[in-house]
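In our numbering, the protein residues as written are 362 to 412.
Built from N, CA and C at the ideal position, the CB exists for glycine as well.
First up is the structure itself, then whatever we jot down about it.
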Amino acid sequence: MTDTDPETSNALLSRLRVIEEQPLDARAEAYVQLHDALRVRLEGGDALVDD
362 MTDTDPETSN ALLSRLRVIE EQPLDARAEA YVQLHDALRV RLEGGDALVD D
């Protein structure tokens, strides 16, 4: 799976749409969770390259 994988892109867009429909306080927490998940994914990719 690559970053340009349509399935991955569609999943992210879907998740963003769900977040945008939430009240502001819930939206903020959802964006924090999304940020953390993306950070872990990116850092995990770096760890694989460094090995």
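* **Span separating the alpha-carbon of GLY405 from that of GLU382** => Indexing the sequence shown from 1 puts residue 405 at position 44. Indexing the sequence shown from 1 puts residue 382 at position 21. Rounded to the nearest angstrom, the two C-alpha atoms are 30 Å apart.
* Under 8 Å by Cβ, that's how I've got LEU395 and ARG376 pegged, so tell me the actual separation to the nearest angstrom. => On the sequence shown, position 34 is the one that residue 395 refers to. On the sequence shown, position 15 is the one that residue 376 refers to. Contact holds; Cβ gap of about 7 Å.
* To do: Leaving aside the five residues before and after TYR392 along the sequence, list all residues of the same chain whose C-beta is less than 7 Å from its C-beta, in chain order.
  => The residue labelled residue 392 in the question sits at position 31 within the sequence shown. Around TYR392: ILE380.
* Asked: Using DSSP with H/G/I as helix, E/B as strand and the rest coil, what is ASP366?
  -> Position 5 of the sequence shown, counted from the start, is the residue given in the question as residue 366. DSSP places ASP366 in coil when its eight states are reduced to three.
* Asked: To the nearest angstrom, how far is it from the Cα of ARG388 to the Cα of PRO367?
  -> Counting from 1 along the sequence shown, the entry for residue 388 is found at position 27. Counting from 1 along the sequence shown, the entry for residue 367 is found at position 6. Annotation: ARG388 to PRO367 spans about 25 Å, alpha carbon to alpha carbon.
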